[in-house]
Structure formats: structure tokens, C-alpha cells
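Just below is one structure, and these are the notes that go with it.
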Amino acid sequence: MKKRFYTVGSLICAGLLAVFGFGSCKSGKALQAERTRLTAQADSLTRRMGGIDYEIDFTLKRIQQLNAESHLAMYGGPNMTEEERQRMEEIVRQKEEEVRERIKAEDKKLKELEQERSSTNSKLYEVMDRLAKIGK
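Quick note: to get the numbering used here, add 354 to the position in the sequence shown (first position is 1).
So this is what it looks like as C-alpha cells:
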């Protein structure tokens with residue numbers, strides 16, 4: 355008789371635990387883990403946005419510097435021969451062309467950075483939106 359009481363008592367306790375849901379639902383832990391993961395991802399994306407903004411600023415300054423270098427002055431003096439003048443003009447044209455090519459490369463880099471900033475920003479908004487939904 356004693357053994358049967360313990361068996362029935364165990365069944366009743368197990369039934370109560372199941373009815374009230376103690377220990378059976380792990381969604382709270384999963385929700386907290388998801389929140390932690392999303393927060394870490396948002397922090398990472400925010401840091402990347404800062405890095406991209408720094409690179410864009412640096413690239414813009416570099417383009418301004420290259421534009422300033424592209425304005426070359428020529429002075430040959432009054433006794434310069436026609437051949438010397440042509441040689442000087444050719445050197446100036448070559449330098450201007452080099453600067454234009456470097457500016458094109460920096461512009462391309464700037465466009466790539468702006469695209470990356472845009473995609474990173476959209477990912478950040480998605481993560482923040484999911485965090486807001488989880489928080490509700």
C-alpha cells in the first residue's frame with residue numbers, strides 16, 4: 355500500500371507540473387538568447403557604420419586634395435624655345451592625366467563605400483526592428 359501511494363503521488367505531482375507549465379516552456383530562454391544575439395549584431399553593424407563613415411570622410415578629403423593637385427601652373431620664362439614649351443606642356447598634361455585617373459579610382463571607391471553603407475544601414479534597421487518586436 356505504501357508503494358502505491360508514492361506512485362500515485364508522483365503522478366499527481368507530475369500532472370500538476372505539466373498543468374501549470376513549470377519547466378516545460380523554454381521560450382523565455384530562447385527569447386533572451388535571440389535578444390542577446392541581435393543586440394550583438396546591432397552593435398557590430400553600428401561599429402561598421404562608423405568605420406564606413408570614417409573611410410568615406412577620408413576618401414572625400416583625398417579627392418579634394420587630388421583636385422587641388424590637378425591645377426598645375428606653367429611658367430617657362432621669356433627665353434623659352436618652342437620645343438621646351440611643348441615638352442613642358444606634355445609633362446603637365448601627363449601629370450594632369452595621372453591625377454584624373456587617381457580621382458576616378460577614389461570616386462569608384464567612394465561609390466562602393468556608399469553602397470556598403472546603404473546595405474549595412476538597411477541590415478541595421480532590420481535587426482533593430484526585430485529587436486523592437488522581441489521587446490514587445
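C-beta atoms are modelled at their ideal positions from N, C-alpha and C, and glycine is treated no differently.
Quantities reported herein were computed from a predicted structural model and do not represent experimental measurements.
Distance check for residue j and residue i, CA to CA, integer angstroms please.
i           : j           : result
residue 456 : residue 399 : 30 Å
residue 482 : residue 452 : 45 Å
residue 478 : residue 486 : 12 Å
residue 421 : residue 439 : 24 Å
residue 384 : residue 394 : 15 Å
residue 476 : residue 411 : 20 Å
residue 444 : residue 435 : 14 Å
residue 432 : residue 419 : 31 Å
residue 364 : residue 382 : 27 Å
Only counting the same chain, and skipping five residues up and downstream in sequence, which positions put a Cβ closer than 7 Å to that of residue i?
i           : result
residue 474 : 399, 402, 403, 406
residue 442 : 428, 430
residue 396 : 478, 481, 482, 485
residue 355 : Model confidence at residue 355 stands at a pLDDT of 47, short of 50, so the residue's coordinates are unreliable and nothing is read from them.
residue 458 : none
Just to confirm my understanding: we take residue i, look at its own chain, exclude 5 residues before and 5 after, and list those with CB closer than 8 Å. What are they?
i           : result
residue 416 : 460
residue 426 : 446, 449, 450
residue 488 : 385, 388, 389, 392
Going by C-alpha distance, which of the options is nearest residue i?
i           : options            : result
residue 414 : 426, 445, 468      : 468
residue 454 : 436, 471, 394, 424 : 424
residue 471 : 366, 409, 395      : 409
Looking at residue i and the ligand ZN, is the gap between the Cβ and the nearest heavy atom below 7 Å?
i           : result
residue 429 : The ligand content of the structure shown is nil, which means the ligand ZN is not present either.
### Query
Would you call the stretch 384–397 and the stretch 461–469 in contact, with 3 or more CB pairs under 8 Å?
no
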